[in-house]
Amino acid sequence: MARILIAEDDEDLRLLLRLVVQRAGHEVEGVGDGVAALRAITRGGYDLVVLDNMMPGMTGLEVLRACQDITGATRPVMLMLSALATRQDIRNGYVAGADDFLAKPFSREELVERIHLLLDERAMQFAMTPPGSAGGVA
């Protein structure tokens, strides 16, 4: 079971995403704006963050940029959600620090699949990193 933060300003969508991710077997918390998302991410303890781009306070891109100094095991995987999904929008997400990008609208199954793939990749990355090295668990 992973600990996941859902950062989405649309309350109905945030509640739906929380329910979907909880039913997939994860512990989930939700916040409704970019400032609260950054505060929660900085506090730590999340394995993955589902981050909407267009939020009040700070955009998802701004949150990603603010998190670029978080490295190693303390850095959660970042899955960006956005209705803005041109190639440039997607590129901007990756450049800002997103690990993956999911364009709205999307299916529940696609969200859960992406979350599990990202968590599996993270687990393999840390399993293959020697203890004591950058990104590894000492």
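Oh and the sequence shown: position 23 is 82 in our numbering, straight run, nothing missing.
Quick reminder that beta carbons are idealized off the backbone N, C-alpha and C, glycines included.
These numbers were taken from a predicted model, which means no experiment stands behind them.
Exercise. Should LEU143 and ASN112 be called a contact, given that it needs their Cβ atoms to be closer than 8 angstroms?
Worked result: Cβ atoms of LEU143 and ASN112: closer than 8 angstroms.
For this session: Could you check if SER141 is buried or exposed, using at least 16 other CB atoms within 10 Å of its CB as the buried criterion?
Result: When all chains shown are included, SER141 counts as buried.
Problem set entry | Identity of the residue in LYS163, MET60, ILE149 nearest LEU107 by Cα | Just measuring C-alpha positions, the residue of LYS163, MET60, ILE149 sitting nearest LEU107 is MET60.
Exercise. Quick one: what does DSSP say PHE160 is sitting in, helix, strand or coil?
Worked result: Collapsing the DSSP output to three states places PHE160 in a strand.
For this session: Provide the residue span of the beta strand (DSSP E) that contains ARG62, from first to last.
Result: Start and end: 62 to 66.
For this session: Output the distance between the C-alpha atoms of ASN151 and LEU120, rounded to the nearest integer angstrom.
Result: C-alpha separation (whole angstroms): 8 angstroms.
Problem set entry | Close beta carbons around ARG181, own chain, < 6 angstroms, minus the five adjacent residues each side | Closer than 6 angstroms at the Cβ level, and outside the excluded window around ARG181, lie VAL136.
For this session: Please name the residue, chosen from GLU168, GLY156, ALA132, PHE165, that lies closest to ALA186 on a Cα-to-Cα basis.
Result: The shortest C-alpha separation from ALA186 is found at ALA132.
Problem set entry | Pick from ALA96, ASP128, VAL109, LEU170 that is closest to PRO115, judged by C-alpha positions | Among ALA96, ASP128, VAL109, LEU170, the Cα nearest to that of PRO115 is on ALA96.
Exercise. The alpha helix (DSSP H) spanning ASP148 covers which residue range?
Worked result: Where ASP148 is concerned, the enclosing alpha helix (DSSP H) stretches over 146 to 155.
Problem set entry | DSSP state of GLY89 mapped onto helix, strand, coil | Of the three classes helix, strand and coil, the one that applies to GLY89 here is strand, per DSSP.
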